[in-house]
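*Asks:* Have a look at this one.
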Amino acid sequence: MGLVNGNSCGYHGYWPDYSSPDDTAVEPKFGTGSDLSGLISDLKAGGQKYIMDMVVNHAGYGARVVSQQPGWFHSNCSGDEINCPLAGLPDFRQEDSAVAAYLTNLSKSWTSAYAIDAIRMDTVKHVPNSYWQNSWVPGVLAARPNTFLLGEAFLSGSASQLKPFLDAGFDSTFNFPLRQALVDSLGKGGSLDRLAAGMQDTLGTLGLDRTLLQTNLLDNHDVPRFVNEPGSGVAESEIRTRYGLALGALMTLPGIPQLYYGNELGMYGGSDPDNRRDMPSWAWTDTGRSSAQTNFLAGGGTPKTTYDLTKKLIGLRKGNEALWKGNYAELWRPNGGQNVFAFYRGSGTSRVVVVMNSSASSASVSLDLQGNAGISTSDKSALGNGTVFSDLLGAGAPASATVSGGKLPVTLGAGRMAVYRAGTSSGGGGSTVSVTYQVSASTSYGQNLYLVGDRSELGAWNTDSAVPMTSSACSGTVCTWKATVSLPPSVATAFKFIKKPGDSGAAVTWEGGNNRTYTSPSSGTATYSGGSWQ
1 MGLVNGNSCG
11 YHGYWPDYSS
21 PDDTAVEPKF
31 GTGSDLSGLI
41 SDLKAGGQKY
51 IMDMVVNHAG
61 YGARVVSQQP
71 GWFHSNCSGD
81 EINCPLAGLP
91 DFRQEDSAVA
101 AYLTNLSKSW
111 TSAYAIDAIR
121 MDTVKHVPNS
131 YWQNSWVPGV
141 LAARPNTFLL
151 GEAFLSGSAS
161 QLKPFLDAGF
171 DSTFNFPLRQ
181 ALVDSLGKGG
191 SLDRLAAGMQ
201 DTLGTLGLDR
211 TLLQTNLLDN
221 HDVPRFVNEP
231 GSGVAESEIR
241 TRYGLALGAL
251 MTLPGIPQLY
261 YGNELGMYGG
271 SDPDNRRDMP
281 SWAWTDTGRS
291 SAQTNFLAGG
301 GTPKTTYDLT
311 KKLIGLRKGN
321 EALWKGNYAE
331 LWRPNGGQNV
341 FAFYRGSGTS
351 RVVVVMNSSA
361 SSASVSLDLQ
371 GNAGISTSDK
381 SALGNGTVFS
391 DLLGAGAPAS
401 ATVSGGKLPV
411 TLGAGRMAVY
421 RAGTSSGGGG
431 STVSVTYQVS
441 ASTSYGQNLY
451 LVGDRSELGA
461 WNTDSAVPMT
471 SSACSGTVCT
481 WKATVSLPPS
491 VATAFKFIKK
501 PGDSGAAVTW
511 EGGNNRTYTS
521 PSSGTATYSG
531 GSWQ
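Under full-length UniProt numbering, think of the first position of the sequence shown as 1, with each following residue one higher.
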């Protein structure tokens, strides 16, 4: 594909200079095919994935294929999104079998030549769905099975608008309807009923399995940045509060969270081109992030404040299986009352309750766990009276909450959020103590620390049931890792810390030396300070 315009180009490569036949060459400004293969290899070595951006709806302005094959393009606009050119870009006639074969073979060539993991397909709503289902999806998957297919359908109404593309074979679409619910409820300061309803719409329409693969976002290059959504007249301190809750929702609701560059710093930006500014050079250092910066959220913090919160939330998601693959059950929505939203996520022995209060005053709620039909019987059995939930976020919420009468009572200050992880039920309402295990350790990209030991609360030496830990106070690759566990009082434990990579099924690294030992206190809370990884 050659250079279309010497002065400017599509923001993410959606003005391709297709030719017939196409040479499938890498844009010279980006390098060579060898460079691309090297990039993909380096990404995989670092535990990352490579997503290739593609477009088959249209060619670029002045693309060679337009003059070579003029009959391949719609010449008359009938007023619909499929047949009308988008922004004047030459619109392919996918209903023509020759055009369909040409475009599908192009994608197959790229997926065959390079070890890509996923494709982000642009403008999917502008192409006949029959083309996706009958030509492109089966063609690409034949060339490279298990390629993750993500479709960009800019539709913000409801999940029902996205379902046809999933039915056609896409694994995921950008969840613009949920994004709009986040904007309405948190960006604009509305009721959290809107967010609760948006999440329920996605689940009710798509089901849990598909919802877990939806790509959730706060903003991207086509919409104003989230911190711009409150509009003028809203104090920056209030914007910071709302944005923190939005980031928390993004990382804990079902779906795959997408971060658009600058989200992690609170970057301002209105509509195009203001939402597409370059990342400043200071953003790559802690020193730069620690100072107030123009066009970045202040309001009692710096870009580093937002960066640290984002990093903390990512760690919570990675370290708690419930947050990335768990079931979902709504526990509380405002219904015209206190502006509190709470939900439950559960997977295996990982059980989490997320609560947020976007109102201007403190709010107290009693979350019914035992009476909630969305929580499984096995999870209810593990969440009996006396179960202690410990807050992992540390953003001003009470450090713990205990189940009583089948309910979890929670009080949150204004603008606060908590991510509560369940410990172990004492059974029948007996007493437990809360023990925080901590250790200092260095990890490589994608690794996380876990705690595993001789009791069921510690995973019973089963690495699949190990307790995930959360990192903080990092210096380079070395962080302090913590996990809080509910144990019977005065019980002796033997345990070790382990490292698990991000990809399931990969090797686990065990600590060396003898098993660590610790006896829980007779009452209250305690901390085991384990020094450094051994």
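For every residue, glycine included, the Cβ atom is placed at its ideal position computed from N, Cα and C.
All values derive from a computational prediction rather than experimental measurement.
#1: Alpha helix (DSSP H) containing Arg144: first to last residue?
#2: Per DSSP, Phe341 forms a beta bridge with which residues?
#3: Just to confirm my understanding: we take Ser404, look at its own chain, exclude 5 residues before and 5 after, and list those with CB closer than 7 angstroms. What are they?
#4: Taking contact to mean 3 or more Cβ pairs, one atom from each stretch, closer than 8 angstroms, check whether the region 405-415 and the region 444-460 are in contact.
#5: Can you give the beta carbon distance from Ile40 to Tyr114, rounded, assuming they're within the 8 angstroms contact cut?
#6: Just to confirm before moving on: does the CB-CB distance between Tyr268 and Val354 stay below 9 angstroms?
#7: Within 8 angstroms, do at least three Cβ pairs link the region 170-177 to the region 238-252?
#8: Mapping the DSSP letters down to three states, classify Tyr328 as helix, strand or coil.
#9: With a 10 Å radius around its C-beta and 16 neighbouring C-beta atoms as the bar for buried, classify Trp136 as buried or exposed.
#10: Cβ atoms of Ala494 and Gln438: under 9 angstroms apart, would you say?
#11: Can you tell me whether Ser426 is helix, strand or coil according to DSSP?
#12: Among the candidates His221, Gln68 and Lys312, whose CA atom is the shortest distance from the CA of Asp274?
#13: Going residue by residue through the region 197-231, where are the continuous beta strand (DSSP E) segments of at least 3 residues, counting only ones entirely within it?
#14: Mind checking whether Leu331 and Leu369 have CB atoms under 9 angstroms apart?
#15: Could you tell me whether the region 471-480 touches the region 516-529, where touching means 3 or more Cβ pairs closer than 8 angstroms?
#16: Over the uninterrupted beta strand (DSSP E) stretch that includes residue 540, give me the two end residues.
#17: Taking a contact to mean a Cβ-Cβ separation below 9 angstroms, would you say Arg345 touches Asn327 in this structure?
#18: So, at 7 angstroms on beta carbons, what are the nonlocal neighbours of Glu14 in its own chain, with the 5 sequence-adjacent residues on each side left out?
#19: Specify the secondary structure class of Leu393 as computed by DSSP and reduced to three states.
#20: In the region 19-79, which residue ranges form an unbroken alpha helix (DSSP H) of at least 4 residues, counting only runs that do not cross its ends?
#21: Between which two residues does the alpha helix (DSSP H) holding Leu316 run?
#22: Whole angstroms are fine: how far does the CA of Tyr260 sit from the CA of Cys84?
#23: Does the pairing of the region 16-26 with the region 93-106 give three or more beta-carbon distances under 8 angstroms?
#24: Classify Ala363 as helix, strand or coil using the three-state DSSP reduction.
#25: Between which two residues does the alpha helix (DSSP H) harbouring Gly248 extend?
#26: Please report how far the alpha carbon of Ser160 lies from the alpha carbon of Ile119, in whole angstroms.
#27: Can you tell me the Cα-Cα spacing of Gln69 and His12, whole angstroms?
#28: Provide the residue span of the beta strand (DSSP E) that contains Thr517, from first to last.
#29: Which same chain residues, not among the five before or five after Leu367, have their C-beta less than 7 angstroms away from its C-beta?
#30: What's the gap between the Cα of Ser381 and the Cα of Met279?
#31: As an exercise, report each continuous beta strand (DSSP E) stretch of at least 3 residues that is fully enclosed by the region 416-502, in chain order.
#32: By DSSP, does Arg351 sit in helix, in strand, or in coil?
#33: My understanding is that Arg317 touches Leu309, with C-beta atoms under 8 angstroms, so please give their C-beta distance in whole angstroms.
#34: Measure the alpha-carbon distance for Gln200 versus Ala98 and round it to whole angstroms.
#35: Between the alpha carbons of Gly337 and Ser112, how many angstroms are there, rounded?
#36: Mapping the DSSP letters down to three states, classify Thr402 as helix, strand or coil.
*Replies:* Inspection of the coordinates gives the following:
#1: Counting along the chain, Arg144 falls outside any alpha helix (DSSP H), and DSSP gives it neither H nor E.
#2: Met356
#3: Asn385
#4: no
#5: 6 angstroms
#6: no
#7: no
#8: strand
#9: buried
#10: no
#11: No answer about Ser426 holds up, because its pLDDT of 44 lies below 50 and its placement is not dependable.
#12: His221
#13: 215-217
#14: yes
#15: no
#16: This structure gives no information on residue 540, because the portion of the chain shown stretches from 1 to 534.
#17: yes
#18: Here residue 14 turns out to be Tyr, not Glu, going by the sequence shown. The residues are Val55 and Asp122.
#19: coil
#20: 33-45 and 64-68
#21: Pro303 to Gly319
#22: 29 angstroms
#23: yes
#24: strand
#25: Glu236 to Thr252
#26: 22 angstroms
#27: 25 angstroms
#28: Arg516 to Thr519
#29: Leu331, Trp332, Ala342, Val353, Lys407, Leu408 and Val410
#30: 49 angstroms
#31: 417-422, 433-442, 448-453, 470-475, 478-487 and 492-500
#32: strand
#33: With a Cβ gap of about 13 angstroms, Arg317 and Leu309 do not count as contacting.
#34: 42 angstroms
#35: 55 angstroms
#36: strand
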